[in-house]
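Residues 955 to 1192 in our numbering are what the sequence shown lists, from first letter to last. Contents: one structure, followed by commentary.
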Amino acid sequence: MSDQFQSETALVLFSGGQDSATCLAWALQRFARVEMLGFDYGQRHAIELECRDRLLDGMKSLRADWAAKLGESHTLAIPTLAEISETALTRDVAIAMGADGLPNTFVPGRNLVFLTFAAALAYRRGIAHIIGGMCETDYSGYPDCRDETIKALQKALSLGMARGFELHTPLMWLDKASTWKLAHDLGGAGLVDLIREHSHTCYLGERGARHDWGYGCGECPACALRARGWREYVARTA
């Protein structure tokens, strides 16, 4: 375990999904205190926000040191993001590829807005480290998930608020199978099982069907990516 940040506080973008739950565990291994921030932006899968408490309770039960480090959990409502967008994540429309080559699940500006609000909250609370689950290895081509975007935003936020923010993206170069493995490395089978059972990924907000990788419709791009990653993880560890 790295001891570089063991006396500092971090703020994790925590949606209730697989990636953000893994990032939360990653932060709990490295920082003295960890706060969380989720966003209610009119997403179709807002049920993800309801999953956070069960994930947090599970993490507290897994390790006493994690329980001691968990700080406040914040939620910001930013409905304007849905009001100004026409996407399959904020409207009841079929998921499809757009003419620009991006899936219509791309919400323009979402991560830029999220990280800007996160930095504003971090500024008030005296936090320099912000952690997000952005990844450009297994992803849908979203331009605001790219490492180049995050690095540029880190510079802009630090300049614009005169604070030395550091944006951490521990999943940036991991495929989904490696994200499952990271969860196991951080919290063993208990964390993997917790993420399978209580995190939410499905774009349609479906929690009725239980698969070996967790709950979801099983058909949307998010479910397909999570399922493929689980199969590859199981194969690699067999």
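For glycine and all other residues, C-beta sits at the position ideal for the given N, C-alpha and C.
In the three-state DSSP reduction, His1152 falls in the helix class (H, G or I). Within the DSSP secondary-structure output, Gly992 pairs in a beta bridge with Thr1029. Beta-bridge partners assigned by DSSP to Val966: Met990, Ile1085. Counting only runs of 3 or more residues that sit fully inside the segment 1074 to 1150, the beta strand (DSSP E) segments are 1083 to 1085, 1120 to 1122, in chain order.
Within the DSSP secondary-structure output, Tyr1169 pairs in a beta bridge with Arg1164. Note that the segment 1143 to 1152 does not touch the segment 1102 to 1113; fewer than 3 beta-carbon pairs, one per stretch, sit closer than 8 Å.
The bridge partners DSSP lists for Leu1024 are Val988. Between the segment 1171 to 1182 and the segment 1013 to 1023 there are fewer than three inter-stretch CB-CB distances shorter than 8 Å, so the stretches are not counted as touching. In summary, Asp973 is buried, with 16 or more beta-carbon neighbours lying within 10 Å of its beta-carbon over all protein chains present. A straight-line Cα-Cα distance of about 7 Å links Leu991 and Leu1030. The beta-carbon separation of Tyr1169 and Ala1163, rounded to 7 Å, stays under the 8 Å limit for a contact. With contacts defined as CB atoms closer than 7 Å, Lys1105 and Tyr1187 fail to qualify as a contacting pair.
Here Tyr1077 has Met1115, Arg1117 as same chain residues with Cβ atoms under 7 Å from its own Cβ, once five neighbours each way along the sequence are excluded. Of all C-beta pairs linking the segment 1079 to 1098 to the segment 1032 to 1046, fewer than three are shorter than 8 Å, placing the two stretches out of contact. In this structure, the beta-carbon distance from Thr1133 to Thr963 does not fall below 7 Å. Rounded to whole angstroms, Trp1020 and Phe968 show a C-alpha spacing of 15 Å.
For Thr1044, there is no enclosing alpha helix (DSSP H), as DSSP gives it neither H nor E.
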